[in-house]
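Notes follow once the structure below has been shown.
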Amino acid sequence: SGLNDRLDNVQRFSQIYLLRRLALKEVGTKLENLDDEYSALHFHNPIHHMEERMKNPASLLEKIERKGYGMTIDSIQENVFDIAGIRVVTNYIDDIHRVEDALVNQDDITVVKRKDYITKPKSNGYRSLHLVVSVPVFLAEGAQTAPVEIQIRTIGMDMWASLEHKLRYKNHIDPDKAQKYAGQLKDTARQLNQIEASMQGIYQDLL
Ligand code: 0O2
């Protein structure tokens with residue numbers, strides 16, 4: 021029975037991944053459609069680009085261990101909402117809430133979690149709006165819902181997060197360097213925000 025249990029777990033695990041991947045496609049399409057509509061009506065694209073990713077099983081296991089969640093399929097279902105993730109990079113700061121509002125107002129979208137690191141940036145300077153939404157997926161056997169993590173941020177916030185991510189990775193290799201740049205990096209986050217706010221002001225004035 022040990023083997024049967026294992027096979028059963030493998031199957032349930034695959035089913036979770038399938039459902040999350042399909043939910044990711046649904047959300048991706050919704051966002052593309054919203055951008056398309058906004059562009060047709062207002063001659064402006066809120067979304068600069070998007071990146072979709074499925075968390076690989078190794079980082080999933082690493083996360084479960086790090087967070088101290090139980091090593092069971094049920095625990096993954098209940099605790100891990102970012103197996104499917106989409107990053108939405110917007111052109112301007114205003115566009116972040118434009119995209120959020122238009123998405124969460126849809127009848128089949130439920131907000132499960134919301135973290136606003138824009139109103140309240142993290143102490144290192146990180147800014148982004150994090151949402152977890154639940155969306156139905158229509159399967160042969162009927163509809164099932166699955167969560168998708170959405171990170172919405174501007175080009176400047178995205179540029180900053182990429183550099184900070186590299187520095188954090190370097191942190192393990194060279195703590196002195198990480199220490200040296202932490203303060204500077206926090207300043208650049210503020211500066212980038214000011215620049216993006218000014219550019220948005222100019223853009224709006226030109227409309
Ligand atoms: P990966 O590979 O990007 O997925 P939760 O997931 O909600 O249970 P937590 O820590 O409360 O756990 O989530 P939070 O704060 O919403 O952050 C999750 C993700 O946001 C991270 O994913 C990063 O992608 C991004 N993020 C959060 N803080 C920072 C930061 O300070 N710098 C950068 N560059 N990115 C950040 P993972 O799981 O780390 O990895």
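The sequence shown maps to residues 21 to 227 in UniProt numbering.
All residues carry an ideal CB built from backbone N, CA and C; glycine is no exception.
These figures come from a predicted structure and were not determined experimentally.
Next item on the list: Give the straight-line distance between the Cα atoms of residue 158 and residue 102, rounded to the nearest whole angstrom.
Entry: Taking the first residue of the sequence shown as 1, we reach residue 158 at position 138. Taking the first residue of the sequence shown as 1, we reach residue 102 at position 82. Roughly 20 Å between the two C-alpha positions.
Item checked: Complete beta strand (DSSP E) runs within the UniProt domain "RelA/SpoT" (72 to 195) (minimum length 3 residues, chain order) -> 104 to 110, 130 to 136, 149 to 159, 162 to 174
Next item on the list: Kindly indicate which residue of 49, 47, 34, 217 has the alpha-carbon position closest to the one of residue 174.
Entry: For the purposes of this step, residue 174 is identified with residue 154 of the sequence shown, where counting begins at 1. Closest option to residue 174, Cα to Cα, is 217.
Next item on the list: Report the rounded CA-to-CA distance for residue 104 versus residue 227, giving the unit in angstroms.
Entry: Within the sequence shown, numbered from 1, the residue matching residue 104 stands at position 84. Within the sequence shown, numbered from 1, the residue matching residue 227 stands at position 207. If you take the alpha carbons of residue 104 and residue 227, they lie about 37 Å apart.
Check: In chain order, what residues of the same chain have a beta carbon less than 7 Å from the beta carbon of residue 131, not counting five sequence neighbours either side?
Finding: Locating residue 131 in the sequence shown gives position 111, where the first residue counts as 1. Excluding residues within five positions, the ones whose Cβ falls inside 7 Å are 124, 151, 153.
Next item on the list: Work out the CA separation of residue 90 and residue 179 for me, nearest whole Å.
Entry: Within the sequence shown, numbered from 1, the residue matching residue 179 stands at position 159. Within the sequence shown, numbered from 1, the residue matching residue 90 stands at position 70. The alpha-carbon atoms of residue 179 and residue 90 are separated by roughly 35 Å.
Notebook entry, point to check: Taking buried to mean at least 16 other C-beta atoms within 10 Å of its own C-beta, is residue 77 buried or exposed?
Noted result: Position 57 of the sequence shown holds residue 77. Exposed, by the Cβ-count rule.
Margin query: Output needed for residue 165: all residues of its chain with C-beta closer than 8 Å, excluding positions within five of it in sequence on either side, in chain order.
Written below: Position 145 of the sequence shown, counted from the first residue, corresponds to residue 165. 43, 130, 154, 155, 156, 157.
Notebook entry, point to check: Whose CA, out of 220, 177, 198, lies closest to the CA of residue 208?
Noted result: Numbered from 1 along the sequence shown, position 188 holds the residue referred to as residue 208. The residue with the shortest Cα to Cα distance from residue 208 is 177.
Next item on the list: Give the single residue among 114, 161, 69 whose Cα lies nearest to the Cα of residue 224.
Entry: On the sequence shown, position 204 is the one that residue 224 refers to. Ranking 114, 161, 69 by Cα distance to residue 224 puts 114 first.
Item checked: Short Cβ contact (8 Å threshold) for residue 107 with residue 74 -> Here residue 107 corresponds to residue number 87 of the sequence shown, with the count starting at 1. Here residue 74 corresponds to residue number 54 of the sequence shown, with the count starting at 1. No, Cβ-Cβ distance for residue 107 and residue 74 is not below 8 Å.
Checklist line | residue 215 classed as buried or exposed, judged by whether at least 16 other C-beta atoms fall within 10 angstroms | finding: Position 195 of the sequence shown, counted from the start, is the residue given in the question as residue 215. That one is exposed.
Item checked: When 172, 202, 171 are compared against residue 186, the one with the closest alpha-carbon -> Here residue 186 refers to the residue found at position 166 of the sequence shown. The candidate whose alpha carbon is nearest that of residue 186 is 202.
Next item on the list: Could you please give the first and the last residue of the uninterrupted alpha helix (DSSP H) stretch that includes residue 54?
Entry: Start at 1 with the first residue of the sequence shown, and residue 54 comes out as number 34. Here the alpha helix (DSSP H) through residue 54 covers 22 to 62.
Check: Is the closest heavy atom of the ligand 0O2 to the C-beta of residue 78 under 7 Å?
Finding: As a first step, residue 78 is located in the sequence shown; it is residue number 58 there, counting from the start. Result no, Cβ not under 7 Å from the ligand 0O2.
Next item on the list: For residue 96, collect the residues of the same chain with a Cβ closer than 6 Å to its Cβ; drop the 5 residues on either side in sequence, then sort them by chain order.
Entry: For the purposes of this step, residue 96 is identified with residue 76 of the sequence shown, where counting begins at 1. For residue 96, where only same-chain residues beyond five positions count, there are no Cβ hits under 6 Å.
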